[in-house]
Amino acid sequence: MTIRRFFILGGAVAALGYFPSPARCAADYGPAKQLHFEGDKSIEKKLDLMTKKLSLTPDQGFRVKQALEEQATKLDLLKREIQEARQKIYDDTNGVFMGILNPAQQESYLKIKSDVLGRADGPEGQNRWDGRDPR
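Spelled out as structure tokens, the structure:
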């Protein structure tokens, strides 16, 4: 086992022991926290859970659904903005690297970068990042 695999495995085992299960959270913090730890993130599932746990009226359910849809839209927009900002930082840093390195080093750097990104290919050779930079 390589050192890297050892640390990855150790981290995974530690994380599994460290983070409580949703059932444990519900027992420790009550139904309000259980809503937060539900694994399914779909609006309908959240609405259904809230309706059952909180006995929402039809009007409340309609308004909660609108709020959840608005939340999802805002979070999607935020996620895209963060991805674009992160990509700009990587692009700017790569530009700085290219300005620092001599032509031979630039060629080696680009090859290393290509090799690292190539490891993201799946078993069939299809890139699991769908053309996006995985950083």
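Position 34 (the sequence shown) corresponds to 1289 in this note's numbering; numbering is contiguous.
Idealized CB from N, CA, C, for every residue including glycine.
C-alpha gap between residue i and residue j, whole angstroms
i, j, result
"Asp1331", "Glu1299", "17 Å"
"Val1371", "Pro1313", "52 Å"
"Gln1321", "Val1351", "45 Å"
"Gln1338", "Gln1326", "18 Å"
"Ser1297", "Ala1340", "26 Å"
"Ile1367", "Glu1336", "28 Å"
"Arg1318", "Leu1304", "15 Å"
"Leu1333", "Asp1347", "21 Å"
"Gly1373", "Asn1349", "17 Å"
"Leu1311", "Ser1369", "53 Å"
Beta-carbon proximity check, residue i vs residue j, cutoff 8 Å
i, j, result
"Tyr1345", "Leu1356", "no"
"Thr1328", "Gly1316", "no"
"Gln1342", "Met1353", "no"
"Lys1301", "Leu1323", "yes"
Opening and closing residue of the alpha helix (DSSP H) in which residue i lies
i, result
"Asn1349", "1313-1355"
"Ser1397", "Lying before the first or after the last residue shown, residue 1397 is absent from the chain, which here runs from 1256 to 1390."
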